[in-house]
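S.K.:
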Amino acid sequence: MVQIAQLVPDIYNIEHSGGHASRCSVYLIAGETGLLFDTGPSSQVPGILEALRSIDYNPERIAYIVASHLHADHAGGAGFLAQQLPQARVVAHEQGAHHLAEPSRLIAGSRQAYGEIFDTEFGPIVPVAREQLMVVKGGERLDLGDRAVELLYTPGHSLNSLCLYDPASRGLFCGDSVGNHLGGKVIIPQAFPTQFDLETALETIDRLESLGPNILCPAHFGPVRDVALMFRTARESLLTWRDVALKALKAGEPDEAIVARFRSLVGEATHYEPAALRTLLELVVEGYRLYFRRKGLL
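Its first residue numbered 196, the sequence shown is counted upward by one per residue in our numbering.
Set out below in structure tokens:
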């Protein structure tokens, strides 16, 4: 089931139901020229097209499909959606854009990360046609006719992370760069393998907050209007979970025990199904472990 909700004039949130690990919030800027921010996996693509039709927005007006970063739950459906929207350009950061045209490593890495969930929930990852691929560095502006939006390079979660800022609405489309918001003061930090870097993630959060956005549009479970709380909680979560992980790993605790510690930090504020949440928390353990090893802390 898919739902579409208007956030501010001309900006919509497209949400699929269920607490699956593959679930991703998709955002539409319905300008004179349209833009979709993230696609989710291929399994979400029919719902995106259904949502556009439900508000009488012609899919042929979509000019840009922006990938916040090249994890399967965000951009796994980019190739399939691009096939349905041949006029659209798929926008991705230069650090990994080639993986959309040649997705074999993306597929292999996703299957390793998500296990059997990948095959049952995500759908196939198909290549983006090279002529549809728009490779960017960050700092570019995309002209939507009645407005221009700004692409921002935001590493920390991954080396190919992009955010998008719309000055007209002061809306910030932030992917996973401000963490995975579960409501209130609960955020799963964006410490996923293999490219997570704590210091860079904190610098990115500071830079995004300095834009003064009115509304945050993260990649999971819809928009956040208490902007100050989310930025503050994102920082605190990165540091608190770091401390928990480092102490436990140094003590030689097994991953299952660290996952249980993280599960207690999440509490009841989760929209994920138990298996999906466990998979995500296992990834956070591995992300911190790789970070600690790079820093010589383990």
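In this text, a Cβ means the ideal position worked out from N, Cα and C, and glycines have one as well.
#1: Starting from Ile243, trace the alpha helix (DSSP H) both ways and give me its first and last residue.
#2: Taking one C-beta from the segment 398-410 and one from the segment 451-463 each time, how about it: are there three or more such pairs within less than 8 Å?
#3: Give the DSSP-derived three-state secondary structure of Pro350 in the structure shown.
#4: Since Ile209 and Ala267 are thought to touch, with beta carbons under 8 Å apart, how far apart are those beta carbons, to the nearest angstrom?
#5: Apart from the five residues just before and just after Ser238, which ones in its own chain have a Cβ nearer than 7 Å to its Cβ?
#6: Run through DSSP, which three-state label would Gly502 get?
#7: At what residue ranges does the segment 270-304 contain a whole run of the alpha helix (DSSP H), taking only runs of 4 or more?
#8: Taking the beta carbon of Thr389 as the centre, do at least 16 other beta carbons fall within 10 Å, making it buried, or is it exposed?
#9: Just to confirm the assignment, what range does the beta strand (DSSP E) spanning Met196 have?
#10: Looking only at its chain, what residues have a beta carbon closer than 7 Å to the beta carbon of Ala324, apart from the 5 residues adjacent to it on each side?
#11: Should Arg300 and His294 be called a contact, given that it needs their Cβ atoms to be closer than 7 Å?
#12: Mind reading off the beta-carbon distance from Val331 to Leu346? Whole number of angstroms is fine, and I expect it under 8 Å.
#13: Rounded to the nearest angstrom, what separates Tyr360 and Asp205 at their Cα positions?
#14: Tell me which residues share the same chain as His352 and place their Cβ nearer than 7 Å to its Cβ, disregarding the 5 neighbours each side in the sequence.
#15: How many Å lie between Phe487 and Ala471 at the Cα?
#16: Let me know the alpha helix (DSSP H) ranges lying completely inside the segment 418-468, each 4 residues or longer, listed in chain order.
#17: What residue does the beta strand (DSSP E) around Glu210 start on, and which one ends it?
#18: Taking 7 Å as the threshold (C-beta atoms), are Leu280 and Pro254 in contact?
#19: Reducing DSSP to helix, strand and coil, say where Gln201 ends up.
#20: Would you decide whether Pro449 is buried or exposed? Buried here means 16 or more other CB atoms lie within 10 Å of its CB.
#21: Hey, would you say Asp338 sits closer than 7 Å to Gly226, going by beta carbons?
#22: Would the beta-carbon of Ala283 fall within 7 Å of that of Ala246?
#23: Given a cut-off of 7 Å, decide if Gly378 and Cys412 are closer than it, judged by their beta-carbon atoms.
#24: With a cut-off of 7 Å, does the C-beta of Gln201 fall near any C-beta of chain C?
#25: Over the uninterrupted alpha helix (DSSP H) stretch that includes Arg402, give me the two end residues.
#26: Report the three-state DSSP secondary structure of Ala267 (helix, strand or coil).
#27: Would you mind stating whether Ser432 and Gly482 have Cβ atoms separated by less than 7 Å?
M.R.: Looking at the coordinates:
#1: 240-249
#2: No, because fewer than three Cβ pairs between the segment 398-410 and the segment 451-463 fall closer than 8 Å, the two stretches do not touch.
#3: coil
#4: That belief does not hold up - the Cβ atoms of Ile209 and Ala267 are roughly 18 Å apart, past 8 Å.
#5: Ser217, Glu316, Phe317, Gly318
#6: In the structure displayed, the chain extends from 196 to 493; residue 502 sits before or after that span and is not available.
#7: 273-279, 293-296
#8: Thr389 is exposed by the Cβ-count criterion.
#9: Run containing Met196: none; DSSP gives neither H nor E here.
#10: Ala277
#11: In this structure, Arg300 sits near His294, with a CB-CB distance shorter than 7 Å.
#12: 6 Å
#13: Those two C-alpha atoms are separated by around 14 Å.
#14: His264, Asp371, Ser372, Gln385, Phe387, Phe391, Ala396
#15: 25 Å
#16: You should have 422-445, 450-461.
#17: 206-211
#18: yes
#19: strand
#20: With fewer than 16 other Cβ atoms inside 10 Å of its own Cβ, Pro449 counts as exposed.
#21: no
#22: no
#23: Their beta carbons are not under 7 Å apart, which means Cys412 does not touch Gly378 by this criterion.
#24: Note that chain C does not occur in the displayed structure, where there is just one protein chain.
#25: 393-404
#26: helix
#27: No.
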